[in-house]
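Novice: Position 180, counted from 1, in the sequence shown is what this note's numbering calls 180; the numbers after and before it change by one each time, with no gaps.
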Amino acid sequence: MKTTLTQEIEKALYYYCIELGGIVVEEVTMPEDQGIVDTLACFFKPNAETEWRCYELKVTKADFYSKAKLSFIGHYDYFVLTEELYKKVQDDIPSEIGVLVYRPYQQVEDLPAEGTFFIAKKPLKRPLQVEEAALTQRFMASLFREVQKAKRMSYGTSFFSTEQLYKELRRRLAEKDSLQADNYYQRFIEDVQSARIESLEEELRALEQDYEFLRQRQVRRRPTEPLE
Numbered sequence: 001m002k003t004t005l006t007q008e009i010e011k012a013l014y015y016y017c018i019e020l021g022g023i024v025v026e027e028v029t030m031p032e033d034q035g036i037v038d039t040l041a042c043f044f045k046p047n048a049e050t051e052w053r054c055y056e057l058k059v060t061k062a063d064f065y066s067k068a069k070l071s072f073i074g075h076y077d078y079f080v081l082t083e084e085l086y087k088k089v090q091d092d093i094p095s096e097i098g099v100l101v102y103r104p105y106q107q108v109e110d111l112p113a114e115g116t117f118f119i120a121k122k123p124l125k126r127p128l129q130v131e132e133a134a135l136t137q138r139f140m141a142s143l144f145r146e147v148q149k150a151k152r153m154s155y156g157t158s159f160f161s162t163e164q165l166y167k168e169l170r171r172r173l174a175e176k177d178s179l180q181a182d183n184y185y186q187r188f189i190e191d192v193q194s195a196r197i198e199s200l201e202e203e204l205r206a207l208e209q210d211y212e213f214l215r216q217r218q219v220r221r222r223p224t225e226p227l228e
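1. Less than 9 Å separating the beta-carbons of F72 and I97?
2. Taking the alpha helix (DSSP H) that Q84 falls in, what are its first and last residues?
3. Return yes when the Cβ of T29 is within less than 9 Å of the Cβ of I36, no when it is not.
4. Which residues does DSSP list as the beta-bridge partners of R103?
5. Kindly list the residues whose CB is nearer than 8 Å to the CB of S178, restricted to its own chain and excluding five residues on each side of it in sequence; keep chain order.
6. Could you pull out every residue in the same chain whose Cβ sits closer than 6 Å to the Cβ of A41, ignoring the five residues on either side in sequence?
7. Answer yes or no: do T39 and E27 have a C-beta to C-beta separation smaller than 9 Å?
8. Kindly list the residues whose CB is nearer than 8 Å to the CB of L70, restricted to its own chain and excluding five residues on each side of it in sequence; keep chain order.
9. Please list, in chain order, all residues of the same chain as L128 whose beta carbon is under 8 Å from its beta carbon, the five residues on each side excluded.
10. Would DSSP call Y55 helix, strand or coil?
11. Is the beta carbon of L100 sitting closer than 9 Å to the one on L5?
12. How long is the line joining the alpha carbons of F118 and T3, rounded to whole angstroms?
13. Mind checking who A41 pairs with in its DSSP beta bridge?
14. CB R138 to CB P46, shorter than 9 Å?
15. Near S142, which residues of its chain fall below 6 Å by C-beta distance, leaving aside the five closest residues on each side in sequence?
16. To the nearest angstrom, how far is the alpha carbon of T116 from that of K167?
17. Starting from D92, follow its DSSP beta bridges and name the residues at the other end.
18. I9 by DSSP, collapsed to three states: which one?
19. Select from R103, D77, F43 and E19 the residue whose C-alpha is nearest the C-alpha of V59.
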């Protein structure tokens with residue numbers, strides 16, 4: 001379960017990368033047993049090259065020193081830390097890894113996130129640690145996962161097949177509490193409908209913008225057709 005602070009930083013990082021011109025998605029499973037990247041961003045450079053940046057979020061000292069695999073496989077890799085944590089662990093950060101330090105806003109009014117970042121340590125550029133084709137496939141699959149999740153929340157019960165609805169209803173009927181059995185179906189419908197939360201709808205709009213940005217860049221990169 002992610003802490004409130006982790007969710008706050010993750011959201012801020014999402015918008016931070018978008019403001020830099022990137023396409024970004026969280027929790028991307030890497031090929032070749034390279035673990036899971038907390039946040040992966042893709043940037044298209046003027047020379048038609050693609051730049052990949054990986055971000056690992058850490059909010060506690062125990063988390064930083066845990067044995068969980070660090071998926072630093074990009075051209076540029078960053079730890080994303082609070083300022084307090086950075087002061088405690090800065091001597092143990094590898095020279096090639098950069099650091100983004102989270103800085104909360106004093107006041108949040110009509111802003112998409114509650115803070116931003118400053119670069120406390122610049123990373124060194126490295127070759128990709130995995131094949132780019134495989135990385136692109138995992139990136140696209142994760143984008144689709146987020147779109148599917150957002151659509152599920154937006155569509156409510158219409159997204160699910162009848163079989164899925166009955167299966168979930170039977171599971172809930174097996175539960176025992178103070179409610180009468182006749183109320184379970186109505187409770188289930190209300191639960192699904194209430195899942196149309198605003199944050200996921202915002203994610204869907206952002207992902208649609210990312211897709212359109214990617215499509216436009218691909219169109220511009222095609223060779224110009226000869227005039228007849």
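Note that the Cβ used here is the ideal one computed from N, Cα and C, for glycine as well.
Specialist: So, to answer that:
1. yes
2. One point to set straight first is that residue 84 is Glu, not Gln, in the sequence displayed. Start and end: E83 to V89.
3. yes
4. T116
5. Residue placement at S178 is flagged as unreliable, the pLDDT there being 47, under the threshold of 50; the coordinate-derived value follows with that caveat. Nothing meets the Cβ criterion.
6. C17, G22, V24 and R53
7. yes
8. G35 and E56
9. W52, I73, G74, H75 and L135
10. strand
11. no
12. 22 Å
13. V24 and R53
14. no
15. V25 and V28
16. 43 Å
17. Answer is none; D92 lacks a bridge partner.
18. helix
19. R103
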